[in-house]
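Undergrad:
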Amino acid sequence: MSKTTKYIFVTGGVVSSLGKGLAAASLGTLLKHRGLKVLIQKFDPYLNVDPGTMSPFQHGEVYVLADGAETDLDLGHYERFTDCECSRLNNLTSGQVFENVINNERAGKYLGKTVQFIPHCTDEIKNRIRKVTDAHDADVIITEIGGTTGDIEGHLFLEALRQFSLEVGRDNVCSIHVTLLPYIAAAGEIKTKPTQQSVAKLREIGIQPDIIVCRTEHDLDEDNRAKIAMFCNVEKKNVVAFRDVAHTIYECPLDLRRDKLDRLVSDKLGLESATPDLEKWRHFVDRIINPTYETNIAVVGKYIELQDAYKSIYESLTHAGAHHDTRVNLVRVDAEQIAEEGATNILKDVDGILIPGGFGDRGTEGKIIATQFARQNKIPFFGICLGMQIATIEFARNVCGLENANSTEFDKSTPHPVISLQEEQKGLTTMGGNMRLGASIATIFLGTKAHELYGAETITERHRHRYEFNPAYREQLESSGLKVSGVSAEQGLVEIVEIADHPFFIGAQFHPEFLSRPNKPHPIFAGFVEASLSNTKSKA
Ligand code: GLN
Numbered sequence: 000m001s002k003t004t005k006y007i008f009v010t011g012g013v014v015s016s017l018g019k020g021l022a023a024a025s026l027g028t029l030l031k032h033r034g035l036k037v038l039i040q041k042f043d044p045y046l047n048v049d050p051g052t053m054s055p056f057q058h059g060e061v062y063v064l065a066d067g068a069e070t071d072l073d074l075g076h077y078e079r080f081t082d083c084e085c086s087r088l089n090n091l092t093s094g095q096v097f098e099n100v101i102n103n104e105r106a107g108k109y110l111g112k113t114v115q116f117i118p119h120c121t122d123e124i125k126n127r128i129r130k131v132t133d134a135h136d137a138d139v140i141i142t143e144i145g146g147t148t149g150d151i152e153g154h155l156f157l158e159a160l161r162q163f164s165l166e167v168g169r170d171n172v173c174s175i176h177v178t179l180l181p182y183i184a185a186a187g188e189i190k191t192k193p194t195q196q197s198v199a200k201l202r203e204i205g206i207q208p209d210i211i212v213c214r215t216e217h218d219l220d221e222d223n224r225a226k227i228a229m230f231c232n233v234e235k236k237n238v239v240a241f242r243d244v245a246h247t248i249y250e251c252p253l254d255l256r257r258d259k260l261d262r263l264v265s266d267k268l269g270l271e272s273a274t275p276d277l278e279k280w281r282h283f284v285d286r287i288i289n290p291t292y293e294t295n296i297a298v299v300g301k302y303i304e305l306q307d308a309y310k311s312i313y314e315s316l317t318h319a320g321a322h323h324d325t326r327v328n329l330v331r332v333d334a335e336q337i338a339e340e341g342a343t344n345i346l347k348d349v350d351g352i353l354i355p356g357g358f359g360d361r362g363t364e365g366k367i368i369a370t371q372f373a374r375q376n377k378i379p380f381f382g383i384c385l386g387m388q389i390a391t392i393e394f395a396r397n398v399c400g401l402e403n404a405n406s407t408e409f410d411k412s413t414p415h416p417v418i419s420l421q422e423e424q425k426g427l428t429t430m431g432g433n434m435r436l437g438a439s440i441a442t443i444f445l446g447t448k449a450h451e452l453y454g455a456e457t458i459t460e461r462h463r464h465r466y467e468f469n470p471a472y473r474e475q476l477e478s479s480g481l482k483v484s485g486v487s488a489e490q491g492l493v494e495i496v497e498i499a500d501h502p503f504f505i506g507a508q509f510h511p512e513f514l515s516r517p518n519k520p521h522p523i524f525a526g527f528v529e530a531s532l533s534n535t536k537s538k539a
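Numbering that gives the first Met the number 0 applies: residue 0 is where the sequence shown begins, and numbers increase by one.
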């Protein structure tokens, strides 16, 4: 293990959905701006091996890493806020811990011992932290523990952290507890008791937090800071306010900087680091809050009512908007409503239409109608993964006249399977982790919109799908005007389709939203927002 690596553990108390992931990611931003090499990871106490099999209703978006790991959406925040690249080692679940322990037991690796939560499961967790340490040359590894203190599920992880702190030395570990300070309007008061109780619970299992980060709607006055410090046994300066931000999550690092969280952590860990230069970040945030222009972009999906189902797409639109000094007004459209009412009324005022990824046939006919509307009315269109497949189906049906063309995912007996299963997917009977997953290289053809946007002939993008553009239809679709502008380097699978005779019409089989970063928007998103903005301006 590297002698110099320092560890920050972020736990949460009082309630879930506190913004613990954002607190961890924001701390990562600040430490990175202090010139440190930061890695962030998440331990999730649930029993799923990974969130890949969970519904968006349960868990929001599944975030895909370069190595193909299907992970918690907080890893998206981590990669975006610190511009780091996570790996499958960086999202450990109880499911993985137990799977490994049981596999070891069946393989006879415990040499006849009774296999127990402690030490076998806790060892598994500690070993993971050591593995991550060895695999990266990080100055600091931030580990967020999912769930809330007091949950039975999380106990094993907290016990492992307690042991780990002892093993690496307390000077090398900083424990941060993120809690909620509820505001009782009738009394006009912030309440600190739940925080005190949550910290008491942590202390019961031997963890004394070094810093308390308090989520609060209102400013934290000195009296309350003193009270929390006294009851939670931390220094008063280590009680940090994490206020509700008014406009965008990218304000969070700036808010945490007010109480100098990054400096407190650096001091505790004895890290030598510089005062962070946040000017570019501030400029980025300012562009989000006070842009010159606006444009309306519809996202036509089936999980539209969920805040988190298309998280990375929404973030990518924000990054691209900031780049073009433009506010992207999201118009969330339920695909099923379009199937019932048609596209015209619902989409008449939007300047761009985006169809996100998805699984299963609910909503697909509505998405096809929305795509046809975008194609025929020359509205900038961007289809992602399923959205690209939808664009292909729509073109096959309505331009090539291939009646009932479809994906075999939605209609097994379609006469024109323009999207179909790849050979290696056909015999699969299980669900977890066996799609086409992770980063792969594609070749972009010269003279295409894709080439103009990327400015490169070779790109690397992340995937998560089973079905593919059926090469048997490529010639027919291309000769009618659906141009293939990129193919996978290894197998020649169609990666990007576009229509030349259109202001902006692109479908990507991969997920560009996983590569967009603040101040580094993804080129297709940047092009799409630019085209939507020109569309807005042309109407003015
Ligand atoms: N359901 C489609 C497939 O599996 C698209 C997947 C997606 O949009 N991520 O190919």
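Idealized CB from N, CA, C, for every residue including glycine.
Can you give me the start and stop residues for the alpha helix (DSSP H) that proline 416 sits inside?
TA: Run containing proline 416: none in the alpha helix (DSSP H); it sits in the beta strand (DSSP E), 416–420.
Undergrad: Does the distance between the C-beta of glycine 541 and the nearest non-hydrogen atom of ligand 1 fall short of 7 angstroms?
TA: What is shown of the chain runs 0 to 539, which leaves residue 541 out entirely.
Undergrad: Exposed or buried, what is serine 612 when buried is set at 16 or more other beta-carbons lying within 10 Å of its beta-carbon?
TA: Since the first residue shown for the chain is 0 and the last is 539, residue 612 is missing from the structure and cannot be characterised.
Undergrad: Give me the Cα-Cα distance between asparagine 397 and histidine 462, rounded to the nearest whole angstrom.
TA: Roughly 28 angstroms separates the two Cα atoms.
Undergrad: Going by the beta-carbon positions, is the gap between leucine 180 and threonine 148 smaller than 8 angstroms?
TA: For leucine 180 and threonine 148, no; Cβs fall outside 8 angstroms.
Undergrad: For lysine 200, which residues of its own chain have a beta-carbon under 8 angstroms away from its beta-carbon, when the five flanking residues on both sides are left out?
TA: Once the five neighbours on either side are set aside, the close Cβ partners of lysine 200 are Gly12, Thr148, Gly149.
Undergrad: How should histidine 510 be labelled, buried or exposed, when 16 other C-beta atoms within 10 angstroms of its C-beta is the threshold for buried?
TA: With 16 or more other Cβ atoms within 10 Å, it is buried.
Undergrad: Less than 6 angstroms between C-beta atoms, sequence neighbours within five positions excluded: which residues of the same chain meet that for arginine 361?
TA: Here the set comprises Lys301.
Undergrad: Nearest CA to the CA of glycine 18: which residue from Tyr77, Cys83, Gln57?
TA: Nearest option by C-alpha distance: Tyr77.
Undergrad: Output the boundary residues of the alpha helix (DSSP H) element that contains phenylalanine 163.
TA: That run of the alpha helix (DSSP H) goes 154–167.
Undergrad: Out of Cys213, Asp261, Ala225, state which residue places its alpha-carbon closest to the alpha-carbon of aspartate 243.
TA: The candidate whose alpha carbon is nearest that of aspartate 243 is Cys213.
Undergrad: Would you say leucine 329 touches ligand 1, meaning its beta carbon is less than 7 angstroms from a heavy atom?
TA: Every heavy atom of ligand 1 is 7 angstroms or more from the Cβ of leucine 329, so no.
Undergrad: Please name the residue in Trp280, Leu26, Asn89, Gln475 whose C-alpha comes closest to that of aspartate 49.
TA: Nearest option by C-alpha distance: Asn89.
Undergrad: How far does the beta strand (DSSP E) with glutamate 497 in it reach, from first residue to last?
TA: Where glutamate 497 is concerned, the enclosing beta strand (DSSP E) stretches over 493–498.
Undergrad: What I want to know is whether the C-beta of tyrosine 466 ends up closer than 7 angstroms to one or more non-hydrogen atoms of ligand 1.
TA: The answer is yes for tyrosine 466.
Undergrad: Excluding sequence positions up to five away, which residues of its chain have a Cβ less than 6 angstroms from the Cβ of glycine 540?
TA: Summary: the structure shown does not reach residue 540, with the chain confined to residues 0 through 539, and so no result is reported for it.
Undergrad: Return helix, strand or coil for threonine 120, following the three-state DSSP convention.
TA: Reading off the sequence, residue 120 comes out as cysteine, not threonine. DSSP places cysteine 120 in helix when its eight states are reduced to three.
Undergrad: Less than 7 angstroms between the CB of arginine 361 and some heavy atom of ligand 1, yes or no?
TA: Because no heavy atom of ligand 1 lies under 7 angstroms away, the Cβ of arginine 361 does not count as near it: no.
Undergrad: Taking the alpha carbon of alanine 65 as the point to measure from, which residue in Arg87, Ile210, Ile505, Val96 has its own alpha carbon closest?
TA: Comparing Cα positions, the closest option is Arg87.
Undergrad: In terms of residue numbering, what span does the beta strand (DSSP E) encompassing histidine 462 cover?
TA: Element bounds for histidine 462: 457–464.
Undergrad: Put histidine 176 into one of helix, strand or coil per three-state DSSP.
TA: Three-state DSSP puts histidine 176 in a strand.
Undergrad: Is the distance from the Cβ of glycine 59 to the Cβ of leucine 263 below 8 angstroms?
TA: For glycine 59 and leucine 263, no; Cβs fall outside 8 angstroms.
Undergrad: Thinking C-alpha only, which one of Leu72, Pro416, Glu314 is nearest glutamate 408?
TA: It is Pro416 whose Cα lies nearest to the Cα of glutamate 408.
Undergrad: Return the first residue and the last residue of the beta strand (DSSP E) that glutamine 40 is part of.
TA: Segment 37–43, the beta strand (DSSP E) holding glutamine 40.
Undergrad: Thinking C-beta only, is leucine 157 closer than 8 angstroms to isoleucine 210?
TA: Their beta carbons are not under 8 angstroms apart, which means isoleucine 210 does not touch leucine 157 by this criterion.
Undergrad: Just mark aspartate 43 as buried or exposed, buried being the case when its beta carbon has 16 or more other beta carbons within 10 Å.
TA: That one is buried.
Undergrad: Closer than 7 angstroms: is that where the CB of glutamate 408 sits relative to any heavy atom of ligand 1?
TA: Glutamate 408 Cβ: within cutoff of ligand 1.
Undergrad: For histidine 246, I'd like the list of residues in its chain whose CB is within less than 6 angstroms of its CB, leaving aside the five on either flank, ordered along the chain.
TA: Contacts found: Ile288.
Undergrad: Tell me which same chain residues have a C-beta within less than 8 angstroms of the C-beta of serine 1, skipping the five on either side of it?
TA: Low local confidence applies: a pLDDT of 46 at serine 1 is under 50, so the model's placement there is unreliable, with the coordinate-based value given in what follows. Same-chain partners within the cutoff: Thr132, Asp133, Asp136.
Undergrad: Are glutamate 123 and valine 167 closer than 8 angstroms when you measure CB to CB?
TA: It is not a contact, given that the beta carbons lie outside the stated cut-off.
Undergrad: Starting from cysteine 83, trace the beta strand (DSSP E) in both directions and tell me its first and last residue.
TA: Taken as a continuous stretch (DSSP letters only), cysteine 83 belongs to no beta strand (DSSP E), as it is neither H nor E.
Undergrad: State the CB to CB distance for the pair threonine 457 and threonine 442, rounded to an integer number of angstroms; the pair is presumed to be in contact (CB under 8 angstroms).
TA: Going by Cβ atoms, the distance from threonine 457 to threonine 442 rounds to 6 angstroms, so yes, they are a contact pair.
Undergrad: So, at 7 angstroms on beta carbons, what are the nonlocal neighbours of arginine 79 in its own chain, with the 5 sequence-adjacent residues on each side left out?
TA: Cβ within range, chain order: Glu314, Arg516, Pro517.
Undergrad: Mind listing, in chain order, the continuous alpha helix (DSSP H) runs of no fewer than 4 residues lying wholly within the stretch 254–330?
TA: With a minimum length of 4 residues, the continuous alpha helix (DSSP H) runs that stay inside the stretch 254–330 are 260–268, 278–288, 310–322.
Undergrad: Among Asp285, Glu234, Tyr309, which residue has its Cα nearest to the Cα of glycine 320?
TA: Closest option to glycine 320, Cα to Cα, is Asp285.
Undergrad: Assign glutamine 388 to one of two classes, buried (16 or more other C-beta atoms within 10 Å of its C-beta) or exposed (fewer than that).
TA: When all chains shown are included, glutamine 388 counts as buried.
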